[in-house]
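For reference, the structure discussed in these notes is given below.
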Amino acid sequence: MRASTVPDRYAPPAFSPAPAVAEPAPRPFCPVPTMPSEAPPPVWKPVAGRVVILDAGHGGHDDGAAHHGLREKDVNLDVVLRTAAWLRAQGVTVRMTRDRDVFVPLPERSKMANRNPNALFVSIHSNAAAGGPNPFGVETFVLTSSFSDEERCRTALSRYNVPGNSREESRKTLRELTIRCRAQGPELATSIQRSLVRRLGEPDRGVKRADLAVLRETFFCPAVLVEIGFMSHPPTARKMVTPAWRDQAAAAIGEGIVDYMRRIG
Ligand SMILES: [Zn+2]
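122 is the number of the first residue of the sequence shown in our numbering; add one for each residue after it.
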């Protein structure tokens, strides 16, 4: 996707010249009531230079799900590449755990995230259901709450060194980062989920919690896993095969990420 074709919903409104100066209005007999003061405009945080790690689920010998002639690894990669182009057009720095059809072990994916503190980690998957009812819709996952922050901090401490003037200071930095990133995951997930539901017109299956390796092992970035649609649902699969649908999914994920970065960090 070329940068110039990507709509920039944050572009400032087009400049319009100031209206011609009118004759002063006659003074009113009584004071004009003043409008209540408006809330200050939100302070948008800059997006340029921020780092996003996009993780295309599966790859190589791991196809993921396969339905209606679609292989999950291919759909995931194509949507990741389109999302990367969309985000780069906004000035965001994008890193990908894979940009071609190769197998990348799950711990390597999280390690890449952990080497980029203050980035955002977004894993992209396509959903499938075996037999029974034929569900469809969009859902986004954050880490289960069954691990306490203390457990996660201990695990992170046992695996990573964080620079600091003293061991105590390093521990404090790592602890704060781990807790803050986890707390921000649901905000990021909600932003992406809303954007996907709006753009794709799919049912909203919600933001859910799960014990998924890429979420569990990512300590220093807000981390989410997006299931963009059910390949096992025939009408959805027919849409997922088209470049237009994949562009919409990519733009939706990109918008959700940028919206989060502008509002929260
Ligand atoms: Zn998957």
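Backbone N, C-alpha and C define an ideal beta-carbon position, used for all residues, glycine too.
| Check | Outcome |
| --- | --- |
| Between PRO284 and the rest of its own chain, which residues show a CB-CB distance below 6 Å, the 5 nearest in sequence each way excluded? | none |
| Any contact of the segment 284–294 with the segment 359–370, i.e. 3+ C-beta pairs under 8 Å? | no |
| Exposed or buried, which one is THR218 when buried takes at least 16 other CB atoms within 10 Å? | buried |
| Starting from the Cα of SER267, find the closest Cα among ALA344, ALA177, LEU333 and ALA370 and give me that residue. | LEU333 |
| So is TRP165 buried or exposed if we call it buried at 16+ other beta carbons inside 10 Å? | exposed |
| Excluding sequence positions up to five away, which residues of its chain have a Cβ less than 6 Å from the Cβ of GLY377? | SER312, ILE313 and SER316 |
| Do GLU348 and VAL259 come within 8 Å of each other at the CB atom, strictly closer than that value? | yes |
| Which ranges would you report for the beta strand (DSSP E) in the segment 318–385 if only whole runs of at least 3 residues count? | 325–331 and 344–351 |
| Restricting to runs no shorter than 3 residues, where is the beta strand (DSSP E) found entirely within the segment 168–192? | 172–177 |
| Measuring only the C-alpha atoms, how far is LEU321 from LEU227? | 28 Å |
| Candidates GLU271, ILE374 and TYR381: which alpha carbon is nearest ALA206's? | ILE374 |
| With SER287 as the anchor, note down where its alpha helix (DSSP H) starts and where it stops. | Here SER287 belongs to no alpha helix (DSSP H), and DSSP marks it neither H nor E. |
| Pick helix, strand or coil for ASN235, following the three-state DSSP scheme. | helix |
| Got a sec: does ligand 1 put a non-hydrogen atom nearer than 7 Å to the Cβ of GLU260? | no |
| Let me confirm a value: VAL379 is counted as buried when at least 16 other C-beta atoms fall within 10 Å, else exposed. Which label applies? | buried |
| Using the beta-carbon count (16 or more within 10 Å), is ASN239 buried or exposed? | exposed |
| Looking at GLY190 and ligand 1, is the gap between the Cβ and the nearest heavy atom below 7 Å? | no |
| Taking Cβ positions, are SER269 and ALA186 nearer each other than 8 Å? | no |
| Taking 7 Å as the cut-off, is the beta-carbon of GLY350 closer than that to any non-hydrogen atom of ligand 1? | no |
| On the DSSP letters alone, give me the boundaries of the alpha helix (DSSP H) that ARG280 sits inside. | 270–280 |
| Taking the alpha-carbon of ARG301 as reference, which of VAL200, PHE224 and ALA344 has the nearest alpha-carbon? | ALA344 |
| Looking at the structure shown, is SER316 part of a helix, part of a strand, or coil, going by DSSP? | helix |
| In three-state terms, what does DSSP make of THR261? | strand |
| Using 7 Å as the cut-off, classify the Cβ of HIS354 as near or not near the heavy atoms of ligand 1, replying yes or no. | no |
| Report buried or exposed for PRO149, applying the criterion of at least 16 other Cβ atoms within 10 angstroms of its Cβ. | Caution applies to PRO149, whose pLDDT of 48 falls short of 50 and renders its modelled position unreliable; the model cannot decide the point. |
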